[in-house]
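For the sequence shown, my numbering gives the first residue as 901, with consecutive numbering after it.
All C-beta atoms, glycine included, are put in the ideal place defined by N, C-alpha and C.
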Amino acid sequence: MVRIAVLGAGRIGKIHAASVAANPKAKLVAVADPFGDAVRTVAEAHGADAMTDAMEAIARPDVDAVVIGTPTDTHVGLMTRAVELGKAVLCEKPIDLDIAESEKAAANVERLGGKVMLAFNRRFDTTFAEIRRSIDAGRIGEVRQVVISSRDPGMPPAAYVKSSGGIFRDMTIHDLDMARWLLGEEPVLVSAIGSRLVDAPLLEQYDDYDTVMVTLQTASGKQAVINNCREAVYGYDQRVEVLGSTGLLTHDNLRPTTMRLTTAEMTDAQEPLLNFFLERYAQAYRAEMNAFVDAIADGKPMPTTVRDGVLALRLAECAVESVRTGRAVTV
């Protein structure tokens, strides 16, 4: 039985706490968050201890592993302390908004031999995982192009934008990790463009964008294109296409049901897309937690690593520089 403390009782913390509680190989020992009312609600729902000090939760002798779902600027400190105490870690992305701090933290984890998994949950989505397996099985030959569309249903609150680190580090970073994973090679060249088409007055305050496109190229010439927008009025848009030398793999959006309605007024009408990431990736979050617990229980390598977090953030930094300079950036 892997005994786990979840750090953070916000929306991600709630998801992780429920995933731990549902895993038969794990026990949710504690939930820690400085906001007492919030942490008590989450902890009591799963029969865990409610704590307001994350460092104390990490240090508990009955905790084998921690899940970090706290604000980004706390990730490095909490992750480092957990590794120093020999605890396994599942940490939400990014490691830190600063690439130098992320590099330093990753090097420290590796030096200490820490077991740290970065929470790139989309790799654990049932269909995305099947796409990767199909690539590995040679079903489409050699990968040539990856196209990723990822659009949110609406702008986040101003307070979130202010602390997010910008769209490339906050939103695109998931797609940058997916591109690396599906290409099977590290990108060496990054080009990006960014626009403020949804809420220019807000985003100008923080030198951020709401609509971006990124192009990646590997040393062998493989390409990936990522398009993001903070507002898609039709719902949470998540699609992937992988072109190979002998075939094509695609993943379309998910809906509550696959029913289609055809009448005199409409043809093939469908229900709206799943509302947002909490609904769309519910299965992926559970599978991600199961993979984390299995890696600890079975002594296996973590399926994603702290180095994956660094590499994705480095690509995000290159995209920021490309928008700023108007030139392609070498990784």
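Next item on the list: Alpha carbon to alpha carbon, how far is H946 from F935? Give it in angstroms, no decimals.
Entry: One-based indexing of the sequence shown puts residue 935 at position 35. One-based indexing of the sequence shown puts residue 946 at position 46. Those two C-alpha atoms are separated by around 17 Å.
Could you give the distance in angstroms between the alpha-carbon of Y1181 and the alpha-carbon of D1025?
-> In the sequence shown, residue 1181 corresponds to position 281, counting from 1. In the sequence shown, residue 1025 corresponds to position 125, counting from 1. One C-alpha to the other measures close to 7 Å.
Task: Extent of the continuous beta strand (DSSP E) run through K1015 - done: Here residue 1015 refers to the residue found at position 115 when the sequence shown is read from its first residue. Annotation: K1015 is outside any beta strand (DSSP E) and is labelled neither H nor E by DSSP.
Where the beta strand (DSSP E) through N1127 begins and ends:
Translated into positions along the sequence shown, residue 1127 becomes position 227. It spans 1123-1129 - the beta strand (DSSP E) in which N1127 sits, taken as one unbroken run.
| Hey, is the segment 1138-1154 in contact with the segment 1031-1049, meaning 3+ C-beta pairs nearer than 8 Å? | The segment 1138-1154, when compared against the segment 1031-1049, does touch it at the 8 Å Cβ threshold.
Practice item. Could you say which of A1007, L1116, L1012, V989 lies nearest to V1210 if we only look at CA atoms? Key: Along the sequence shown, read from residue 1 onward, the residue named residue 1210 stands at position 310. Per the C-alpha coordinates, the member of A1007, L1116, L1012, V989 positioned closest to V1210 is A1007.
Run the CB neighbour count on Y1134, radius 10 Å, all protein chains shown included, and call it buried at 16 or more, exposed below.
Counting from one through the sequence shown, the residue named residue 1134 turns up at place 234. Exposed: under 16 other Cβ atoms inside 10 Å.
Worksheet item: Are the segment 1119-1130 and the segment 1095-1111 touching by the rule of at least three beta carbon pairs closer than 8 Å?
Response: The segment 1119-1130, when compared against the segment 1095-1111, does touch it at the 8 Å Cβ threshold.
Legend entry - Which residues DSSP lists as bridging V906, in chain order: Residue mapping note: residue 906 aligns to position 6 of the sequence shown, counting from 1. Under DSSP, V906 forms a beta bridge with V931, V967.
> Taking the Cβ atom as the reference point for each residue, do S1002 and Y1185 lie within a distance shorter than 8 Å?
Replying inline: Looking up residue 1002 in the sequence shown gives position 102. Looking up residue 1185 in the sequence shown gives position 285. Not a contact, by the Cβ cut-off of 8 Å.
Problem set entry | Any 3 or more C-beta pairs closer than 8 Å across the segment 1088-1099 and the segment 1216-1231 | Output reads yes: the segment 1216-1231 touches the segment 1088-1099.
- Task: Drop a sphere of 10 angstroms on the beta-carbon of M1166, count the other beta-carbons inside from all chains shown, and report buried for 16 or more, exposed for fewer.
- Result: Numbered from 1 along the sequence shown, position 266 holds the residue referred to as residue 1166. By the beta-carbon neighbour count (other beta carbons within 10 angstroms, threshold 16), M1166 is exposed.
Would you call the segment 951-961 and the segment 971-989 in contact, with 3 or more CB pairs under 8 Å?
The segment 971-989 and the segment 951-961 touch, with three or more beta-carbon pairs separated by less than 8 Å.
| message | For V876 and V939, what's the separation of their Cα atoms in angstroms? | response | Residue coverage of the chain in this structure runs from 901 to 1231, which leaves residue 876 outside it and unanswerable.
ask   = Which partner residues does S1049 have in the DSSP bridge list?
value = Counted from its first residue, the sequence shown places residue 1049 at position 149. Bridge partners of S1049: N1127, R1139.
>> Going by the DSSP bridge assignment, what does A926 pair with across the sheet?
In response: What you label residue 926 is simply residue 26 of the sequence shown in a count that begins at 1. V902.
**OP:** For D933, count neighbouring Cβ atoms within 10 angstroms of its own Cβ and tell me buried if that reaches 16, exposed if not.
**Re:** Mapped onto the sequence shown, residue 933 falls at position 33. D933 is buried by the Cβ-count criterion.
*asked:* Please list the terminal residues of the continuous beta strand (DSSP E) segment that includes D949.
replied: Within the sequence shown, numbered from 1, the residue matching residue 949 stands at position 49. Residues 949-951.
TODO: In the DSSP assignment, find the beta strand (DSSP E) that holds S1145 and state where it starts and stops.
DONE: Reading the sequence shown from its first residue, position 245 is the one you call residue 1145. No beta strand (DSSP E) contains S1145, which DSSP labels as neither H nor E.
Check your understanding: Any idea what DSSP makes of V1112, helix, strand or coil?
Key -> Position 212 of the sequence shown, counting from 1, holds the residue named residue 1112. V1112: strand per DSSP, three-state reduction.
With DSSP collapsed to three states, give me the class of L1089.
Here residue 1089 is taken as the residue at index 189 of the sequence shown, counted from 1. In this structure, L1089 counts as strand in the three-state DSSP scheme.
(request) Sort D1152, F1176, M901, V1231 by Cα distance to F1028 and report the nearest one. (result) As a first step, residue 1028 must be located in the sequence shown, where it is residue number 128. The option with the nearest alpha carbon to F1028 is D1152.
May I ask you to verify whether the segment 992-1001 touches the segment 968-980, counting CB pairs closer than 8 Å and requiring at least 3?
Output reads yes: the segment 968-980 touches the segment 992-1001.
Determine, using beta carbons only, whether L1143 and R1044 come nearer to each other than 8 Å.
Your numbering for residue 1143 matches position 243 in the sequence shown. Your numbering for residue 1044 matches position 144 in the sequence shown. Yes. Within cutoff.
Span separating the alpha-carbon of M1078 from that of T1115
For the purposes of this step, residue 1078 is identified with residue 178 of the sequence shown, where counting begins at 1. For the purposes of this step, residue 1115 is identified with residue 215 of the sequence shown, where counting begins at 1. Cα atoms of M1078 and T1115: separation of roughly 13 Å, rounded to the nearest angstrom.
message = So if DSSP puts V1229 in a beta bridge, which residue, or which two residues, is it bridged to?
response = Here the question's residue 1229 lines up with position 329 in the sequence shown. DSSP output for V1229 lists V1090 as bridge partner(s).
Distance check for L1076 and G1226, CA to CA, integer angstroms please. On the sequence shown, residue 1226 is found 326 positions in, with the first residue counted as 1. On the sequence shown, residue 1076 is found 176 positions in, with the first residue counted as 1. Cα to Cα, the separation comes out at about 19 Å.
*asked:* Using 8 Å as the threshold, is the C-beta distance between L907 and V967 below it?
replied: Taking the first residue of the sequence shown as 1, we reach residue 907 at position 7. Taking the first residue of the sequence shown as 1, we reach residue 967 at position 67. Against a cut-off of 8 Å, the Cβ pair of V967 and L907 comes out as a contact.
- Item | Option in A1164, T1146, T1163, L1174 with minimal Cα separation from T1157 | Here residue 1157 refers to the residue found at position 257 when the sequence shown is read from its first residue. Comparing Cα positions, the closest option is L1174.
* Check whether the segment 1029-1042 touches the segment 1195-1202, taking contact to mean three or more Cβ pairs, one atom from each stretch, closer than 8 Å. => Verdict: no, contact absent.
Proximity winner among C991, V1098, E1085, L1097, relative to A1119 (alpha-carbon distances): Taking the first residue of the sequence shown as 1, we reach residue 1119 at position 219. Checked all of C991, V1098, E1085, L1097; the closest Cα to A1119 is E1085.
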